[in-house]
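For reference, the structure is listed below as structure tokens.
In the numbering used here, the protein residues as written are 1 to 141.
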């Protein structure tokens, strides 16, 4: 009894190669001898074409501006984020679009992450509380 299949294969290869290959041919079984397996792997690697996929980095597609493309994107944003229709006329939304439109075309607009947005909102809240305390001169609010 042999504990390891690889040990058995090496034994067959060195002492019983001919008999094993004859048995494999009769039974239409691919040879699993180490040399034959290595040869098959090398042939397979030569036959397969190398790929550039691991070196390629996906880039976001740049969408050309048009009034209809902007209208479609704005409507999709309204629907998908459950915004009221009048949100498109809000001055802050218009200011955000104006700022974004001035972004360098090569860099695009960098949208802040969830964590960074949360952090800024909390900081703004704390600053507002501090301002209210100062205005009302209250020690605890």
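Beta carbons are placed, not taken as given, at the ideal position from N, Cα and C, and that holds for glycine. Since we're looking at a predicted model, the values are computed, not measured.
CA-CA distance, residue 66 and residue 97?
-> 14 Å
Starting from the C-beta of residue 35, find all residues in its chain whose C-beta is less than 8 Å away, skip the five residues before and the five after it, and write them out in chain order.
-> 13
Which first and last residues belong to the alpha helix (DSSP H) in which residue 143 is found?
-> With the chain covering 1 to 141 only, the question about residue 143 has no answer from this structure.
With distances taken Cα to Cα, identify the nearest neighbour of residue 70 among 127, 133, 42 and 100.
-> 100
So residue 118 is in the alpha helix (DSSP H); what residue range does that whole segment cover?
-> 114-136
With 16 other Cβ atoms within 10 Å as the buried cut-off, status of residue 31 = buried
Helix, strand or coil at residue 66 according to DSSP, with G and I counted as helix = coil
Counted within 10 angstroms of its Cβ, other Cβ atoms place residue 118 as buried (16 or more) or exposed | exposed
If you draw a straight line from the alpha carbon of residue 22 to that of residue 43, how long is it in whole angstroms?
-> 22 Å
By Cβ distance below 8 Å, which residues in the same chain neighbour residue 83 in space, the five residues on each side in sequence not counted?
-> 77
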